[in-house]
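**Q** Under my numbering, the very last position in the sequence shown is 145; numbers go up by exactly one each time. Ideal placement from N, C-alpha and C gives every residue a C-beta, glycine not left out. Computed from a prediction, not measured in an experiment: that's the story for all the values here. Please see the structure below; I have some questions.
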Amino acid sequence: MASNHETFFQLGSFALVGRSANKPFPILSYRRLKKLGKTVYAVDPSTSKIDGDPSFADLASLPGAVEGLIIETPKQECADWVARAADAGIKDVWIHMAHDTPEAVATARERGINLRTGTCAVMYLKPGLTYHSIHKLIMKALGKY
Numbered sequence: 001m002a003s004n005h006e007t008f009f010q011l012g013s014f015a016l017v018g019r020s021a022n023k024p025f026p027i028l029s030y031r032r033l034k035k036l037g038k039t040v041y042a043v044d045p046s047t048s049k050i051d052g053d054p055s056f057a058d059l060a061s062l063p064g065a066v067e068g069l070i071i072e073t074p075k076q077e078c079a080d081w082v083a084r085a086a087d088a089g090i091k092d093v094w095i096h097m098a099h100d101t102p103e104a105v106a107t108a109r110e111r112g113i114n115l116r117t118g119t120c121a122v123m124y125l126k127p128g129l130t131y132h133s134i135h136k137l138i139m140k141a142l143g144k145y
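What follows is the structure in structure tokens.
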């Protein structure tokens, strides 16, 4: 049976919010989702393009609805993005490991969002032997996958 984290990537369309120019994970996740054939929109208020694709300033600017939101922003922004997801009708949200806050978790619970936290999205997106697959094996051994 697939875990809650694994079922997230069975969704077909995603928005990924993060500061891609400053941090590696938003761009890694964005590229992997695209490679897997998923519809993915970059949300990064600091730039207008990610890998030559348009980047959007907020969820309201997206050209279409999305099923899932991946939040890879500074910790202090997460609760706000969870609330924005709820306002946009997004019911599935992933907050990058160690970026969740009690406020973000409470907001998700109050707004009926299926929240994934505690681990790295890329760990679930990269098949084969990589740093992330080793991370995945360790997390499975620790019972945290």
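What are the residues that DSSP puts in a beta bridge with Q71?
**A** Rather than Gln, the amino acid found at residue 71 in this sequence is Ile. V17, I95.
**Q** For the beta strand (DSSP E) that A42 lies in, which residues bound it at each end?
**A** Unbroken beta strand (DSSP E) run through A42: 39-43.
**Q** Going along the chain, which residues of its own chain have a beta-carbon closer than 8 Å to the beta-carbon of I147, five neighbours each way excluded?
**A** Since the displayed the chain opens at 1 and closes at 145, residue 147 lies outside it and no answer follows.
**Q** Let's test the definition: count the other Cβ atoms within 10 Å of the Cβ of P45 and tell me whether it reaches 16, buried, or not, exposed.
**A** Exposed, because fewer than 16 other Cβ atoms sit within 10 Å of the Cβ of P45.
**Q** With P54 as the anchor, note down where its beta strand (DSSP E) starts and where it stops.
**A** Counting along the chain, the beta strand (DSSP E) containing P54 begins and ends at 53-56.
**Q** If you follow the beta strand (DSSP E) that L115 is part of, which residue opens it and which one closes it?
**A** Run containing L115: 114-116, per the beta strand (DSSP E) assignment.
**Q** For the alpha helix (DSSP H) that contains A86, what are its first and last residues?
**A** Residues 78-87.
**Q** Any idea which residues DSSP pairs K35 with across the strands?
**A** The partner list for K35 (beta bridge, DSSP) is empty, contrary to what the question assumes.
**Q** So, helix, strand or coil for I27, using DSSP?
**A** Helix at I27.
**Q** Give every residue of the same chain whose Cβ lies closer than 7 Å to the Cβ of A79, excluding the five residues on either side of it in the sequence, and list them in chain order.
**A** Excluding positions up to five away in sequence, the list reads T101, E103, A104, T107.
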